[in-house]
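Per this note's numbering, residue 833 is the first one in the sequence shown, and the count goes up by one each step.
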Amino acid sequence: MVLPVLGADLGRGNVFSVASAIAIAAAVALMTQRARPGSGLRFTGAALLVGSAVLIGIVSVESMSLLIAAGLGVAVGLLVGARRPMLLELIGAATVMVVVSVLAGRVGALRLTAALVVVISAIPRAGVKSSRASIAMAAGAVLLSAGLLGFVGASDVTVRWFGPAVAHGARTDPRVALTFDDGPDETYTLQVASVLESYDVRGTFFEVGKAIDREPQIARALYARGHLLANHSYQHDGWRWLDPRYPELERTQRAFEHQIGVCPTFYRPPHGDRTPFVSAVVGRHQMTTVLWDVTVGDWNASNAETLARRVLERVRPGSIVVLHDGLDGSPRADRSVLIAALPTILDGLRSKGLQPVRLDELLGIAGYGDHC
């Protein structure tokens, strides 16, 4: 009963994810009925199969299929047991993997082939009779699945295991929010603002605290010109989000208060990484975690036309688009490709009947609070 609920939450409307969760939940129920009383490894296998189903339903990174398939292979091996011919075990594992991949809507040749190879190699061999080896294999697979589930919960913008977050506005609203991360940049941030203003548009800038303290005049100019400022951590590194206290949030709020005299209510975690502790800190500050539903890797794009096309292909009513006017709070990042792409993006949004607005307008939430 747990897995269908998880699948519904994970999929966020993706019927394939829900279907795969239900299908595997039914398979687990049938398999565990055959387990002998007290057969702990069989039930461990069932738990691994559930975890693998959850992961395969939401993870889209090809390389992670290898790790997921390893856990799935061990799960099938533990459930089927070592008394059956190896051929039946391989057929069973391959069948489960194919069904899950098809129902999840992910049947790319690379993904499926790689996953099946690891399934075959990961299944406990029929000749292995050592209980210690079986227990070690099960323990390793459990740790692997737990680690993958934690990684997905922390970094996948489509799941909400570790706290509430907003990724888009109402799908019936013909407005979108263009948001810009990692600035302010001393060369390109105000150029981005000028392009937006030439279309009578205001953006939302998720600022890095250290960059605000280094270039406060840029953030002040954005605020004075009607753009919305928001919190994007102080250091923007790859590990401080693991600190349960997460002082990054408040340190950046203090930079806003000291340098501009405002207290943003929106927070975006660097790279989308978050933990339950980070979410708790955001909640205590009465702020809202904002993610996105449109990202196109503009930080390493080199072709403005391709960048604009990707944005316009993915944007929908209510979308929150993430772009980058800086890079990790660096003062001298080259964002010329974004400057070149913005007019095409803005023209394209207009032709699609979509109006760019500030994030607070799209979500109907005040962009600034009365205390930091």
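Even glycine gets a Cβ: it sits at the ideal position worked out from N, Cα and C. Everything numeric in this text was worked out from a predicted model, so none of it was measured.
Identity of the residues DSSP links to residue i by a beta bridge
i: S1065; result: Beta-bridge pairing links S1065 to no other residue.
i: V1126; result: V1153
i: L1195; result: BP columns for L1195 are empty, so no partner.
i: V1027; result: None; V1027 has no bridge partner.
i: Y1200; result: P1096
i: H1000; result: S1151
i: L1060; result: T1036
i: T1019; result: Partner(s): none; T1019 has no beta bridge.
i: T1121; result: Y1099
Opening and closing residue of the beta strand (DSSP E) in which residue i lies
i: F1037; result: 1036 to 1039
i: L1010; result: 1007 to 1015
i: V1189; result: 1187 to 1189
Neighbourhood of residue i by C-beta, 8 Å cutoff - its chain only, sequence neighbours within 5 removed
i: L1185; result: Here residue 1185 turns out to be Gly, not Leu, going by the sequence shown. Closer than 8 Å at the Cβ level, and outside the excluded window around G1185, lie P1006.
i: I1152; result: V998, A999, H1000, G1001, V1008, A1009, T1011, V1122, L1123, W1124, D1125, V1126, L1191, L1194
i: S1183; result: none
Beta-carbon proximity check, residue i vs residue j, cutoff 9 Å
i: L1060; j: F1088; result: no
i: D1075; j: S987; result: no
i: F1037; j: A1056; result: no
i: L975; j: G883; result: no
i: S1162; j: D1017; result: yes
i: T1094; j: T1011; result: According to the sequence shown, residue 1094 is Val rather than Thr. No, Cβ-Cβ distance for V1094 and T1011 is not below 9 Å.
i: L1181; j: A1136; result: no
i: V1065; j: W1071; result: A small fix is needed here, since residue 1065 is Ser in this sequence, not Val. Against a cut-off of 9 Å, the Cβ pair of W1071 and S1065 comes out as no contact.
i: A1025; j: T1120; result: no
i: H1068; j: P1096; result: no
i: G1150; j: H1000; result: yes
i: T1176; j: A1140; result: yes
i: T1084; j: G1115; result: no
i: V1113; j: Y1078; result: yes
i: V1008; j: Q1118; result: no
i: V1126; j: V1147; result: yes
i: Y1020; j: R1167; result: yes
Residues near residue i by beta carbon distance below 7 Å, same chain, minus five either side
i: W1131; result: H1156, L1159
i: D1013; result: F1038, H1064, R1100, V1154, H1156
i: A1053; result: L1022
i: G1058; result: R1034
i: I1173; result: The sequence given here has Ala at residue 1173, not Ile. A1136, L1139, A1140, listed in sequence order.
i: Y1200; result: V1094, C1095, P1096, T1097
i: V989; result: A999, G1104, L1123, W1124
i: E1080; result: S1065, Y1066, Q1067, R1072
i: D1192; result: L1060, A1198, G1199
i: F994; result: G985, A986, R1106, T1107, P1108, S1111
i: S977; result: L880, G883, S884, G903
i: R1142; result: V1128
i: H1203; result: C1095
Own chain, CB closer than 6 Å to residue i, minus 5 neighbours either side, in chain order
i: I1044; result: A1051, A1087, Q1091
i: R1190; result: R1034, T1036, L1060
i: P1048; result: Q1091
i: A1165; result: D1017, G1158, L1159
i: L1194; result: G1001, R1007, A1009
i: R1003; result: P1149, G1150
i: L1144; result: G1180
N-terminal and C-terminal residue of the alpha helix (DSSP H) that residue i is part of
i: E1089; result: 1080 to 1091
i: P1175; result: 1168 to 1183
i: E1137; result: 1136 to 1146
At which residue ranges does the stretch 1094 to 1119 contain complete beta strand (DSSP E) runs of 3 or more residues, listed in the order of the chain?
none
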